[in-house]
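What the sequence shown shows, in this note's numbering, is residues 22 to 306, in sequence order.
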Amino acid sequence: MAEAPALVEAKDLALELPDMTARKGLGPRPLARILHPVSLTVRRGEIVGIVGESGSGKSSLGRTLLRLYRPTGGRLAFDGADITHAGEAELRPFRRRMQMVFQDPQSSLNPRHRIRTIVGAGLDLAPGAARGREDALVAALDEVGLEPALLDRFPHELSGGQRQRVGIARAIATQPEFVLADEIVSGLDVSTQAQVLSLLKTLARERDLALAFISHDLSVIRNLCDRVVVMRAGRIVEEGACAMLFAQPATPYTRQLLDAIPSPVPDPGWLTRGAAPSVSTAIAR
Numbered sequence: 022m023a024e025a026p027a028l029v030e031a032k033d034l035a036l037e038l039p040d041m042t043a044r045k046g047l048g049p050r051p052l053a054r055i056l057h058p059v060s061l062t063v064r065r066g067e068i069v070g071i072v073g074e075s076g077s078g079k080s081s082l083g084r085t086l087l088r089l090y091r092p093t094g095g096r097l098a099f100d101g102a103d104i105t106h107a108g109e110a111e112l113r114p115f116r117r118r119m120q121m122v123f124q125d126p127q128s129s130l131n132p133r134h135r136i137r138t139i140v141g142a143g144l145d146l147a148p149g150a151a152r153g154r155e156d157a158l159v160a161a162l163d164e165v166g167l168e169p170a171l172l173d174r175f176p177h178e179l180s181g182g183q184r185q186r187v188g189i190a191r192a193i194a195t196q197p198e199f200v201l202a203d204e205i206v207s208g209l210d211v212s213t214q215a216q217v218l219s220l221l222k223t224l225a226r227e228r229d230l231a232l233a234f235i236s237h238d239l240s241v242i243r244n245l246c247d248r249v250v251v252m253r254a255g256r257i258v259e260e261g262a263c264a265m266l267f268a269q270p271a272t273p274y275t276r277q278l279l280d281a282i283p284s285p286v287p288d289p290g291w292l293t294r295g296a297a298p299s300v301s302t303a304i305a306r
């Protein structure tokens, strides 16, 4: 079976940003190399995990793939179109097609806005946005397992898991083709993590999404991702099919990450025994 064509394609992508650790004088801050030449593809219907320790460059890579950062080298293409150096006006048609789910829903959802305003923000930018807006809002919430009654609530009235689902609903409301999820389960309890990850997996399959999932924890992507990219110090040190990478890691660094995964807790009957299930076991169900 032939592979789907690459929706997002990065070739020798490099990124430099102002070095915030450098002492600031009268002139501009010196630049620090964040990403060394990195090559990566994400295909339709594929879930790619981007993993590494803190400071490895995984979040910077994700934001560069979305063109929130302008690359300082290499080439970035979306659906065959070169967007490496595109300006905001040129990027506008692509913005609805690529979305992001942020790590902390508490800070990424405006506390002054109701859920209908938050989820509908992307819809409002489309031509003829008023037509069918309410139906689109209800459909987005339904797809992430939330009741329409929540549309008139504020973020502080929701649980952490519900807020993260609102973040996902906001991302998918514009019918995107590429979604980047950046450490979105790190602040959730184990059972809620499993629910959110299972939701992402279902959305990716049903919508044929290209999904990039960023995490520092390999255990949460063991049963989620098709392919894994391991980053260290702004470089990709290993890449491969998820099952193969877990079974036969090729680099000592990947082996160290795998060794850091906590031992799974047996799942059957955990409620009666008082032990919580592991994330990977819960997702597998």
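Cβ coordinates follow ideal geometry from the N, Cα and C atoms, glycine included.
If Gln120 sits next to Thr223, beta carbons under 8 Å apart, how far is it from one beta carbon to the other, in whole angstroms? Here residue 120 is taken as the residue at index 99 of the sequence shown, counted from 1. Here residue 223 is taken as the residue at index 202 of the sequence shown, counted from 1. 17 Å between Cβ atoms; not a contact.
So if DSSP puts Arg91 in a beta bridge, which residue, or which two residues, is it bridged to? Indexing the sequence shown from 1 puts residue 91 at position 70. Paired residue(s): none; Arg91 is not in a bridge.
Taking the continuous alpha helix (DSSP H) assigned at Ile136, which residues delimit it? Sequence index remark: in the sequence shown, residue 136 carries index 115 (1-based). Per DSSP, Ile136 belongs to the alpha helix (DSSP H) from Ile136 to Gly141.
Could you have a look at Gln214 and say whether DSSP puts it in helix, strand or coil? Position 193 of the sequence shown, counted from the start, is the residue given in the question as residue 214. DSSP places Gln214 in helix when its eight states are reduced to three.
By the three-class DSSP mapping on this structure, what secondary structure does Met327 have? Examination of residue 327 is not possible in this model, given that the chain is present from 22 through 306 alone.
So, for Val72: in the same chain, excluding its five sequence neighbours on each side, which residues have a beta-carbon less than 8 Å away from its beta-carbon? Here the question's residue 72 lines up with position 51 in the sequence shown. Excluding positions up to five away in sequence, the list reads Lys79, Ile235, Ser236, His237, Asp238, Leu239, Ile242, Val249, Val250, Val251, Met252 and Leu278.
Can you grab the Cα-Cα spacing for the pair Ile68 / Leu220, in whole Å? Here residue 68 is taken as the residue at index 47 of the sequence shown, counted from 1. Here residue 220 is taken as the residue at index 199 of the sequence shown, counted from 1. The straight-line gap from Cα to Cα measures roughly 13 Å.
Cβ distance (whole Å) where Ile104 is taken to contact Arg88 below 8 Å: Taking the sequence shown and counting its residues from 1, the one referred to as residue 104 is at position 83. Taking the sequence shown and counting its residues from 1, the one referred to as residue 88 is at position 67. With a Cβ gap of about 6 Å, Ile104 and Arg88 count as contacting.
Go through its chain and collect everything with a Cβ distance to Thr62's Cβ below 6 Å, but skip five positions before and after it. Against the sequence shown, residue 62 aligns to sequence position 41. The answer, listed in chain order, is Ala27 and Glu30.
Residue nearest to Val59 in terms of C-alpha spacing, selected from Pro51, Thr93 and Glu155: For the purposes of this step, residue 59 is identified with residue 38 of the sequence shown, where counting begins at 1. Ranking the options by Cα distance to Val59, first place goes to Thr93.
Burial state of Ala25, where buried means 16 or more other Cβ atoms lie within 10 Å: To locate residue 25, count along the sequence shown from 1; it is residue 4. Answer is exposed; the Cβ neighbour count stays below 16.
How is Thr223 classed by DSSP in three states: helix, strand or coil? Counting from 1 along the sequence shown, the entry for residue 223 is found at position 202. Thr223: helix per DSSP, three-state reduction.
Status (buried if at least 16 other CB within 10 Å, exposed otherwise) for Pro270: Within the sequence shown, residue 270 is the residue found at index 249, counting from 1. Buried, because 16 or more other Cβ atoms sit within 10 Å of the Cβ of Pro270.
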